[in-house]
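A.B. asks:
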Amino acid sequence: MSHIVDLTMPYTSEMAGFNKTVSKTITDDGWNASTLAFYSHCGTHMDAPIHFNVSNQTIDKMPVADFVGKAWVINAKHIEAKGLITVSDIPNAIKKKFEAGDSLIIWTNWSRFINTSKYRDELPRISEDLALWCVDKKVKMIGVEPPSVADVNNIAEVTKIHQILLKSVVIIEGLANIDKLKSNCVELIALPLKIEGGDGSPARVIAIEKY
């Protein structure tokens, strides 16, 4: 048996950076269709190394094997607004089981603030020591609930953390529904749009739990 959880937030008219307008209608054209416009890093999305000039690798050139793998769910709900998530927040039991190529999902419950100013301006952040740990331990993907892994209002911090991680770690931001997971180890699948030359892309992200 398996339990599949959608970790993707819906794209709505309230979301900053996204807009949907009517393009075709059944009445006038014979079918319904929309025109979509979105910022490449809005909603649930993934970053490419070129996002912070770590390398010239764009979203369409990232290996699809990097988008699928075992992930450990780290309970960091105790981290307060603007707090730092550190290596010490990873339980020792998970550290002992962690293998190169595994991924991390950081559960802060921050998605409850989606579409508020708090969601962007007071987010809990990945610390430098955790970012370096991820690179050292060969973490494949790191997924977070806030819209960024670092303080978007601090250009030095947001640049440093992204540049550390994007050397080898796939960044997924804007996750939701982590509270619906029943275990701390899942199969994570995160698929971005294949945008030529893309610095990032919206993504459909799911977690599969097997029993």
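Residue numbers (this note's numbering): 6 to 216.
All residues carry an ideal CB built from backbone N, CA and C; glycine is no exception.
1) Can you name the residues that DSSP bridges to Ser108?
2) What are the residues that DSSP puts in a beta bridge with Gly148?
3) Going by DSSP, which residues form a beta bridge with Ser39?
4) For Arg130, which of Asn58, Gly74, Val27, Thr164 has the nearest alpha-carbon?
5) Ordered along the chain, which non-local residues of its own chain (more than five positions away) have a Cβ less than 7 angstroms from that of Trp36?
6) Taking all protein chains shown into account, decide if Ile111 is buried (16 or more other Cβ within 10 angstroms of its Cβ) or exposed.
7) With distances taken Cα to Cα, identify the nearest neighbour of Ala136 among Asn158, Asp156, Val92.
8) With a threshold of 8 angstroms on Cβ separation, who are the neighbours of Lys143 within its own chain once the five nearest residues in sequence on each side are excluded?
9) Express the C-alpha separation of Gly179 and His50 in angstroms, rounding to a whole number.
10) Compute the Euclidean distance between the alpha carbons of Ser45 and Lys82, then round it to the nearest angstrom.
11) Between which two residues does the beta strand (DSSP E) carrying His50 extend?
12) Can you list, in chain order, the residues of its chain whose CB lies under 7 angstroms from that of Ile9, leaving out five sequence neighbours each side?
13) Looking only at C-alpha atoms, which of Met6, Phe43, Asp204, Thr26 sits nearest to Met20?
14) Taking the continuous beta strand (DSSP E) assigned at Arg117, which residues delimit it?
15) Assuming His167 is part of the alpha helix (DSSP H), what are its boundary residues?
16) Using the Cβ count rule (16 or more neighbours within 10 Å means buried), how would you classify Ala38?
17) Measure the alpha-carbon distance for Ala98 versus Asn182 and round it to whole angstroms.
18) In the DSSP assignment, what are the bridge partners of Cys190?
19) Which of the three DSSP states is assigned to Glu214 in this structure?
20) Looking at the structure shown, is Ala70 part of a helix, part of a strand, or coil, going by DSSP?
21) What does DSSP give as the partner residue(s) for Ser206 in the beta ladder?
C.D. replies: If we stick to the structure as given:
1) Your numbering for residue 108 matches position 103 in the sequence shown. Ala76, per the DSSP bridge assignment.
2) As a working mapping, residue 148 is identified with position 143 in the sequence shown. Among the bridge pairs identified by DSSP, Gly148 is matched with Ile110, Ile177.
3) For the purposes of this step, residue 39 is identified with residue 34 of the sequence shown, where counting begins at 1. Paired residue(s): Val27.
4) For the purposes of this step, residue 130 is taken as residue 125 along the sequence shown, with counting starting at 1. Nearest in C-alpha terms to Arg130, of all of Asn58, Gly74, Val27, Thr164, is Thr164.
5) Translated into positions along the sequence shown, residue 36 becomes position 31. Once the five neighbours on either side are set aside, the close Cβ partners of Trp36 are Lys29.
6) Within the sequence shown, the letter at position 106 stands for residue 111. By the neighbour-count criterion, in which 16 or more other beta carbons inside 10 Å mark a residue as buried, Ile111 falls on the buried side.
7) To locate residue 136, count along the sequence shown from 1; it is residue 131. The residue among Asn158, Asp156, Val92 with its C-alpha nearest the C-alpha of Ala136 is Val92.
8) The sequence position of residue 143 within the sequence shown is 138, counting from 1. The answer, listed in chain order, is Ala105, Gly106, Ser173.
9) As a working mapping, residue 50 is identified with position 45 in the sequence shown. As a working mapping, residue 179 is identified with position 174 in the sequence shown. Those two C-alpha atoms are separated by around 6 angstroms.
10) To locate residue 45, count along the sequence shown from 1; it is residue 40. To locate residue 82, count along the sequence shown from 1; it is residue 77. Ser45 and Lys82 have their C-alpha atoms some 27 angstroms from each other.
11) Numbered from 1 along the sequence shown, position 45 holds the residue referred to as residue 50. Unbroken beta strand (DSSP E) run through His50: 50 to 52.
12) Working through the sequence shown from its first residue, we reach residue 9 at position 4. Cβ neighbours of Ile9 beyond the five flanking positions: Ile211, Ile213.
13) The residue you call residue 20 lines up with position 15 of the sequence shown. When only C-alpha atoms are compared, the closest one is Phe43.
14) The count along the sequence shown starts at 1 and reaches residue 117 at position 112. Here Arg117 belongs to no beta strand (DSSP E), and DSSP marks it neither H nor E.
15) The residue labelled residue 167 in the question sits at position 162 within the sequence shown. Note, His167: alpha helix (DSSP H), 160 to 170.
16) In the sequence shown, counting from the first residue as 1, residue 38 sits at position 33. Exposed is the label assigned to Ala38, since fewer than 16 other Cβ atoms lie within 10 Å of its Cβ.
17) Numbered from 1 along the sequence shown, position 93 holds the residue referred to as residue 98. Numbered from 1 along the sequence shown, position 177 holds the residue referred to as residue 182. If you take the alpha carbons of Ala98 and Asn182, they lie about 24 angstroms apart.
18) As a position in the sequence shown, residue 190 is number 185, starting the count at 1. According to DSSP, which records beta bridges pairwise, Cys190 is partnered with Trp77.
19) Locating residue 214 in the sequence shown gives position 209, where the first residue counts as 1. If DSSP states are grouped into helix, strand and coil, Glu214 belongs with the strands.
20) On the sequence shown, residue 70 is found 65 positions in, with the first residue counted as 1. When secondary structure is reduced to three states using DSSP, Ala70 falls in the helix class.
21) Translated into the one-based positions of the sequence shown, residue 206 becomes position 201. As DSSP reads the structure, Ser206 sits in a beta bridge with Met51.
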